[in-house]
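J.: Have a look at this one before I ask anything.
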Amino acid sequence: MDQTKTRERARRKRQGFWPFLIPALIGVIALIAVPIGFTLYYSLRNYNLQVGSDSFTGFDNYVRLFTGQNGDFVAALLRTFGYVIVVILFDFVLAMTQALLLFNMKPAWAKFWRAVFILPILVIPTASAVFWRNVMYAPHGGEFLKVLGLDGIVPPPLGDPKLAFWAIIVVVVWAWSPWVFILFSTGLDQLDRTVLEASMVDGASYWQRLRTIIFPLMRPVIFVTLSFKALDSFLSFPFVWVLTQGGPGNSTHILSTFIYQQAFNLLDYGNGSAMAIVMLLISGVISVAAVLGWQRFYGKES
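Numbering (the working numbering), first residue to last: 554 to 855.
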């Protein structure tokens, strides 16, 4: 009798959560599943509004992407990976340096500098890009360079194919490294300072403490933070588009901006959709790696 009542209560509990889950499922289907389905559908078609073509081509769009028939795609994909690696490297070095400086400061000064370091993240990405384009970088204004008397000395980085990519990196690191800094600083604050104090008593130098205590204890935070930062950088769009729109030429196109150009500027929705599916698959791999890393480092604790 008791087992019957227990099963009945369990059945009612299982049924009880559906009214709360259905709105979320509808949102997922409407905002995620349906757009992905349409994108996959168009990726299998030669759908180009500019030339008025619309026919089923199967996987031809994907074949053209990876057989060199659209060389700009391969270049944009490789440039995207380079962009992600460089951004992560600079974010890590800058954010970890800032976090370690604050870790060794007095609390009052640490609070002040923490507020200073996170200021760039309070500005939306598009506004940051517009600021750097119109104020810092010639030829789109370069007012800051003019004030310093460098407008005729420093070459306009956004107009130089060799410098434009690095100019974008500077803006991205300035704008988003504070996010990495916040996570690193929070992770350092969770460390057991008694362990560090004991190592100091034992005569360990700062670099020894950093290498044998701080970095090993921070490894889970570093891995998860940089994994999600890699995904964020891979999907990056506003900085590149606002600053250069992929130029000069195609020298700064990353995958997201190249897809936008193909689909919305050239109206080649078939080709753009195929690129978007490839981008979705790669970002999915990065997401799975981040989740597996999280489970590896924190699964045992839970």
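Note that beta-carbon positions come from the ideal geometry of N, C-alpha and C, so glycine has one too.
Tell me, to the nearest whole angstrom, how far the beta carbon of Q603 is from that of D821; I am working on the premise that it is less than 8 Å.
T.: By one-based count along the sequence shown, residue 603 stands at place 50. By one-based count along the sequence shown, residue 821 stands at place 268. Yes, Q603 and D821 are in contact; Cβ-Cβ is about 7 Å, under 8 Å.
J.: So within the stretch 663-697, which uninterrupted alpha helix (DSSP H) runs reach at least 4 residues, ignoring any that extend past its ends?
T.: Fully enclosed alpha helix (DSSP H) runs of 4 or longer: 678-684.
J.: Relative to the C-alpha of G837, which candidate in G825, F787, N803 has its C-alpha closest?
T.: Counting from one through the sequence shown, the residue named residue 837 turns up at place 284. Here the closest residue by C-alpha is F787.
J.: When you compare only the Cα positions, how much space is there between Q761 and F656?
T.: Taking the sequence shown and counting its residues from 1, the one referred to as residue 761 is at position 208. Taking the sequence shown and counting its residues from 1, the one referred to as residue 656 is at position 103. Spanning the two alpha carbons is a distance of roughly 16 Å.
J.: With a threshold of 16 other CB atoms inside 10 Å of the CB of P572, please say whether the residue is buried or exposed.
T.: Counting from one through the sequence shown, the residue named residue 572 turns up at place 19. P572 should be labelled exposed.
J.: So what's F790 in DSSP terms, helix, strand or just coil?
T.: By one-based count along the sequence shown, residue 790 stands at place 237. Reduced to three states, the DSSP call for F790 is coil.
J.: Relative to the C-alpha of L653, which candidate in P588, V795, V733 has its C-alpha closest?
T.: Translated into positions along the sequence shown, residue 653 becomes position 100. Out of P588, V795, V733, V733 has the C-alpha closest to the C-alpha of L653.
J.: Quick check on DSSP: helix, strand or coil for F781?
T.: As a first step, residue 781 must be located in the sequence shown, where it is residue number 228. If DSSP states are grouped into helix, strand and coil, F781 belongs with the helices.
J.: Please list the terminal residues of the continuous beta strand (DSSP E) segment that includes R598.
T.: Taking the sequence shown and counting its residues from 1, the one referred to as residue 598 is at position 45. Start and end: 598-601.
J.: Beta carbon of M658: closer than 8 Å to some heavy atom of the ligand COA?
T.: Inclusion of the ligand COA in the displayed structure is not the case, the ligand content being empty and no account of it being possible.
J.: DSSP state of S608, grouped into three classes?
T.: Here the question's residue 608 lines up with position 55 in the sequence shown. Three-state result, S608: strand.
J.: Should K856 go down as buried or exposed, given a rule of 16 or more other Cβ atoms within 10 Å for buried?
T.: In this structure the chain extends from 554 to 855, so residue 856 is not present and cannot be described.
J.: Starting from A717, trace the alpha helix (DSSP H) in both directions and tell me its first and last residue.
T.: For the purposes of this step, residue 717 is taken as the residue at position 164 of the sequence shown. Per DSSP, A717 belongs to the alpha helix (DSSP H) from 714-742.
J.: By DSSP, does D745 sit in helix, in strand, or in coil?
T.: Taking the first residue of the sequence shown as position 1, residue 745 is located at position 192. If DSSP states are grouped into helix, strand and coil, D745 belongs with coil.
J.: In the structure shown, what three-state DSSP assignment does S855 receive?
T.: Walking along the sequence shown from the start, residue 855 turns up at place 302. A caution first: S855 carries a pLDDT of 47, below 50, which makes its placement in the model unreliable, though a value can still be read off. Note: S855 maps to coil in three-state DSSP.
J.: Give a yes or no on whether 9 Å exceeds the smallest Cβ distance from V604 to chain E.
T.: In the structure shown, chain E cannot be found, because there is only a single protein chain.
J.: Rounded to a whole number of angstroms, what is the C-alpha to C-alpha distance between G712 and P769?
T.: Residue numbering aside, residue 712 sits at position 159 when the sequence shown is read from its first letter. Residue numbering aside, residue 769 sits at position 216 when the sequence shown is read from its first letter. Distance between the alpha carbons of G712 and P769 is about 43 Å.
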